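Trainee: I am attaching a structure below and will ask some questions about it afterwards.
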Amino acid sequence: MNYDHMTRVQGHNSYSLPPSRLIILSWNLQNFTGDHRLGMTHGSVDSNENMARAAVVAAVMQQIHADVLLVMETGSDVSGALEKVRSFLPDKDSWHPFVSGNTHAIPIISPRYHFKQKKRTLGKMRALINLVEFFDIMPTTTTRVLGTTQVKDALSLLSQWKNKDLTWLWNVIGAPDSHPDDTTPDTLLAKLLPPLKNDVGLVKADSPAFWAGVEEQLNCIEENLNTGEYLIEEASWIQDLKLSPDKRANDLGKLEQLTDALDFLELLCLMHSALVNGHVSSPGVYIMRRLSEVRKFNPNEFAPLAACLMASFSDLIFDLRGTVDGLYENKHVNFAYDALKKLKILDLIAETYGILFRPPHNFPQAMEQFFASVSPVDDAYGVAQKDTLGNWIGVQDPNSARNWRSALHIKFPISPNVFVPVCLFHTRFTGNESIKKQKVKLTQADKVLKMRAESVLDIALWNNKTQQNCQSLIIGDFNLPANLDGQVLKDFAAEMQKQNYKRVGTEGAYQLTTLKSVKNIIKDTTKLYNEPYDGVFIPNNFLSGKGKIQMSGARTVDTMDFKKLTQPYKNVLRDAVVRQYVKFIGKITFKMKECNEKLVYMCSRPGKQVNDPLVTPFLDPNNLVAPRNEIINVGNHFTLNLTDLDTNVVRPVLNHFSGYVTLLHQAAQVNGLAHNVKELLQSTEKEIDDLLQLMATLEVNAVARKTVAYRQIVSDHIPVALIVTYKY
Amino acid sequence: MPLTFEIKDGDSVIKLSVKYGLFCETIWNHPDNAELRRKRKDMNTLLPGDILFIPDIRPKDVPADTGKLHRYRRKGVPANFSIQIYQNEQPYAHQDYKLVVDGVPYTGMSDTMGIVSKWIPPTAVEGVLHIGPDNYKILLRFGYLDPINEIIGVQKRLYNIGFHPGELDNLMGLKTRQALLDFQKRFDLSETGEADEETRSRLEEIHDEVNLFPKQSSETGSNSL
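Note that the protein sequences, when read in sequence, are chains F and Y.
Numbering follows our numbering, with no gaps: position 23 of the first sequence is 23.
Counting the second sequence from 1 gives a position; our numbering is that position plus 1000.
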């Protein structure tokens, strides 16, 4: 590979070699539009809060001259988020956004799904409908046939959805809680048809032509009962019936019941059809095709099938990869996940990775090479799933306790013959049930820690097996402390060493996070960062010994340059601090009110001689909101002058509360109540003191303010920055 | 017969002078090339389409005795090709190199400024420079640099020093503007995205002269919230 370099033959020329370095910024940004873990929403990607977030990310990227942004994000909005970040970059056209496929392992349906939950049936039903719309569903047991109990449960669920009384149906086919027998949908159909035909016979005199059609269909079903070749499409007579409310109104009673019966007959037919006709047989497996390929999508039509599926969930696995066109469109993936989660069948949080890559300016072929390297053909790109022998790696193996998300493997070209291979990896934080039940002599916490460590080890092993000549950096949020203390982590470090990996030393900087609570962040800004979960594992002999990580570690929030943020986004950050300040004030007010009420109660007890006057301002409710104006002033001041805070403006709020606390104490003393309410007063005073201290810290400590703003708006992780240098 | 010659890609006065048996100064300083001299500062950086007047060879009488052997030395001027290599904006100094021009290899080591300098035939069209421990290969196309006062000249210089202007098409497209912005930002110039005089001058200085990249202005610092 070479470049054409246009020169003068006589005279001086210059030439810059392609860069030999790559600056990478890796950032766990959680979720822009919503946080599954906290149940929080941040609004749309275009909300002021998210715009501020993207602006901060872009500012940091510019600050360190990043070439690559690697983003871990637990949601379907990665592409929108990347696009937003890109929009804040001055040379946005030079940046190319990429979004990974979904990084989850094949999810496994819970062994037993208790579908008899009564609440939110409609939502669950819709969730199922959504699910079957988008994904192939493969029963693992080829010989499985729905039992009566399951069919009845499905019918029961459907009746809840339709708000129908199915007494008549249970009379015909047996109550749902009756002892299960070996009957199948065929048997149930056979049981249902005779009374239906009988009912039709009774009402057909009113509309002979119409009911003759219904009767004919019923006969047809009966005839084909053994072949399974009945209703796959909604029959016209059912449609006619549904479209004839006038008829139903005229024949209330029997006719209405008959309509319901026909509805459920249709259900039974559909359920049976789904099992017999809806599957495409192949040796050892049934595959239910996307129904929308067969039928025009109509949620109502899918309800019976959804119920059917629900009834037979216990033996199904969902193949969420590779079988449906457009599967990697995250909206679909998350749509299905949401459906599964609503049903409490899967406990999944979808996660994808995002990349912003700016190819070197003087390496015009970089993008071609990048695409060449990410071609699925050579298996160089994508989520690490299987080793060279085709075996699932641990974090993707359906049978592994670590069955979870995997790493994204990608190679960044920095010059014609140099690629920097990277595995971006976000390990699971919490353990799943199977991990907790593991019979090993470890605490629950250590079991989970071990699981996280082994997840990283899985990726290291995968690298060793598939990328022998060029092991990747493993970058991300490992949820593992950097100081590998404790036996579990020591063992892990030893295993990683065997795989030729070591965690990068911090070289004077610390790998930092802001995972502490806001309160603790403010309490002690010198100990902000004690949970260094984000980091980098580097293979020995990286890039054949020519690669070097020149710098690693996270940037501290206080070194982030937010100066370039335009005012609206600065305001968002500052508002976050104001909100925290106001929150503290609210807590103080509440505590004082609580204490005051206790005092008043003590004073009003029979026989209690209250010294007169009871000097407490709290007896007047207006006094409880007295600091309101000061709070508003402080809020405005925070917003306008947070960079250079004038504590003389802020201080009155603290003084106000501090004065109240003193008065509160005095009131208790004067009235001889201090002893009686000693415990309450002491604890309240301490809490108020703490809060006042926090507020005071916010006033005087710019790092605290900045970190609080960052923590609330941007992320509870701070980015890891590295410079990968290649020595030619 | 004198002729007017339309410059094509790769042509330079020094190359044509060899072809037509003239000194390059003879061609360049000819009164009929006054307009071209005014337009182009450097005789070896012409634009395709430029018209160069090439005068006739001037006969020269040299007295010589008959019956004797006489030797005449043709005056030829080799071209002094020089290229300064940067890596990460630092001179790629003290690196072994092999320069192959028209099949003839030249070897050496870049100097402390990262410069590789060799006398080569003025007629050279292409060459290959291998440099550094990895034998990094650079394909050289001699005579293809265009004048700085043309967009294409700006584009090629930007390209050479690492600011990719997109297609080298002599058009002021988006990518060229972005490359100019990057260049202006890098060298603390007014960020206009235009190839203005200040920018061209700085670009010429960086590309066409022995130079060093100035230290990058730091963007570090923090503000308070």
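The beta carbon of each residue, even a glycine, is placed where N, CA and C say it ideally should be.
Values in this document were obtained by computation on a predicted structure and should not be read as measured data.
At what residue ranges does the region 6-64 of chain F contain a whole run of the beta strand (DSSP E), taking only runs of 3 or more?
Mentor: 11-16 and 21-30
Trainee: Identify whether residue 1163 (chain Y) lies in helix, strand or coil by the three-state DSSP scheme.
Mentor: coil
Trainee: Evaluate residue 65 (chain F) with the Cβ neighbour count: other Cβ atoms within 10 Å of its Cβ, from every protein chain shown; 16 or more gives buried, anything less gives exposed.
Mentor: exposed
Trainee: At a CB-CB cut-off below 8 Å, which residues of chain F make contact with residue 1084 (chain Y)?
Mentor: 12, 13, 14 and 15
Trainee: Considering only their Cβ atoms, is the gap separating residue 7 (chain F) from residue 1049 (chain Y) smaller than 9 Å?
Mentor: No, Cβ-Cβ distance for residue 1049 (chain Y) and residue 7 (chain F) is not below 9 Å.
Trainee: Residues of chain Y with a CB under 8 Å from the CB of residue 91 (chain F): which are they?
Mentor: Chain Y residues near residue 91 (chain F): 1178, 1181 and 1182.
Trainee: Report the start-end ranges of each beta strand (DSSP E) in the region 523-600 of chain F that is 3 residues or longer and not cut off at the edges.
Mentor: As far as the region 523-600 of chain F is concerned, its whole beta strand (DSSP E) runs of at least 3 residues are 534-539 and 547-551.
Trainee: Determine the burial state of residue 1152 (chain Y): buried for a count of at least 16 other Cβ atoms within 10 Å of its Cβ, exposed for fewer.
Mentor: buried
Trainee: Are residue 28 (chain F) and residue 458 (chain F) close, meaning C-beta to C-beta below 9 Å?
Mentor: Contact check for residue 28 (chain F) against residue 458 (chain F) fails: the beta carbons are separated by 9 Å or more.
Trainee: Hey, quick one: how far does the alpha helix (DSSP H) through residue 495 (chain F) stretch, first residue to last?
Mentor: 486-498
Trainee: In terms of alpha-carbon separation, which member of F:574, F:681 and F:560 lies closest to residue 597 (chain F)?
Mentor: F:681
Trainee: Going by Cα to Cα distance, which pick from F:536, F:33 and F:450 is closest to residue 720 (chain F)?
Mentor: F:536
Trainee: Measure the beta-carbon distance from residue 1171 (chain Y) to residue 1195 (chain Y) and round it to whole angstroms, keeping in mind my assumption that it falls under 8 Å.
Mentor: Actually they do not touch by this definition, with Cβ atoms about 12 Å apart.
Trainee: Could you work out which residues of chain F lie near residue 1149 (chain Y), taking near to mean beta carbons separated by less than 9 Å?
Mentor: Neighbours of residue 1149 (chain Y) on chain F: none; closest Cβ ~15 Å, over 9 Å.
Trainee: Check for me: the alpha helix (DSSP H) holding residue 1176 (chain Y) runs from which residue to which?
Mentor: Per DSSP, residue 1176 (chain Y) belongs to the alpha helix (DSSP H) from 1174-1186.
Trainee: In this structure, does DSSP put residue 1079 (chain Y) in helix, strand or coil?
Mentor: Reduced to three states, the DSSP call for residue 1079 (chain Y) is strand.
Trainee: Which chain F residues sit within Cβ distance under 9 Å of residue 1079 (chain Y)?
Mentor: The contacting residues are 8, 9, 10 and 11.
Trainee: Within the 9 Å Cβ cut-off, does residue 452 (chain F) reach chain Y?
Mentor: no
Trainee: Around the Cβ of residue 71 (chain F), are there at least 16 other Cβ atoms within 10 angstroms (buried) or fewer (exposed)?
Mentor: buried
Trainee: By DSSP, does residue 1094 (chain Y) sit in helix, in strand, or in coil?
Mentor: Correct three-state label for residue 1094 (chain Y): coil.
Trainee: Report the rounded CA-to-CA distance for residue 396 (chain F) versus residue 386 (chain F), giving the unit in angstroms.
Mentor: 8 Å
Trainee: Can you tell me which of F:30, F:465 and F:370 puts its alpha carbon nearest to the alpha carbon of residue 391 (chain F)?
Mentor: F:465
Trainee: Measure the C-alpha to C-alpha separation of residue 486 (chain F) and residue 438 (chain F) and round it to an integer number of angstroms.
Mentor: Their backbone Cα atoms lie some 19 Å apart in a straight line.
Trainee: So, helix, strand or coil for residue 142 (chain F), using DSSP?
Mentor: With a pLDDT of only 40 at residue 142 (chain F), under the threshold of 50, the placement of this residue in the model should not be trusted; the figure read from the coordinates follows. Reduced to three states, the DSSP call for residue 142 (chain F) is coil.
Trainee: Under three-state DSSP, which class holds residue 501 (chain F)?
Mentor: strand
Trainee: In the region 1189-1210 of chain Y, which residues sit with their C-beta less than 7 Å from some C-beta in chain F, listed in chain order?
Mentor: 1206, 1207, 1208, 1209 and 1210
Trainee: In three-state DSSP terms, what is residue 99 (chain F)?
Mentor: strand
Trainee: Go ahead and pull the three-state DSSP assignment for residue 721 (chain F).
Mentor: Strand.
Trainee: Is residue 393 (chain F) near the ligand SAM, judged by its Cβ being under 8 Å from some heavy atom?
Mentor: Among the components of this structure there are no ligands whatsoever, and the ligand SAM is therefore not found.
Trainee: Enumerate, from N- to C-terminal direction, the unbroken beta strand (DSSP E) stretches of 3 or more residues contained entirely within the region 1117-1151 of chain Y.
Mentor: 1126-1131 and 1136-1142
Trainee: What residues are listed by DSSP as bridge partners for residue 418 (chain F)?
Mentor: Answer is F:415, bridged to residue 418 (chain F).
Trainee: Does the count of Cβ pairs from the region 1108-1121 of chain Y and the region 1079-1093 of chain Y closer than 8 Å reach three?
Mentor: yes
Trainee: Looking at C-beta atoms only, is the number of pairs between the region 41-56 of chain F and the region 1079-1089 of chain Y that lie closer than 8 Å three or more?
Mentor: Flag = no, the region 41-56 of chain F and the region 1079-1089 of chain Y do not touch.
Trainee: Below 8 Å on the Cβ atoms is my contact criterion, and I expect residue 1027 (chain Y) with residue 1017 (chain Y) to pass it. Report the Cβ-Cβ distance as a whole number of Å.
Mentor: Correct: roughly 5 Å between the Cβ atoms.
Trainee: Quick one: list the residues of chain F neighbouring residue 1142 (chain Y), beta-carbon separation under 8 Å, in chain order.
Mentor: 7, 8 and 9
Trainee: Report buried or exposed for residue 57 (chain F), applying the criterion of at least 16 other Cβ atoms within 10 angstroms of its Cβ.
Mentor: buried
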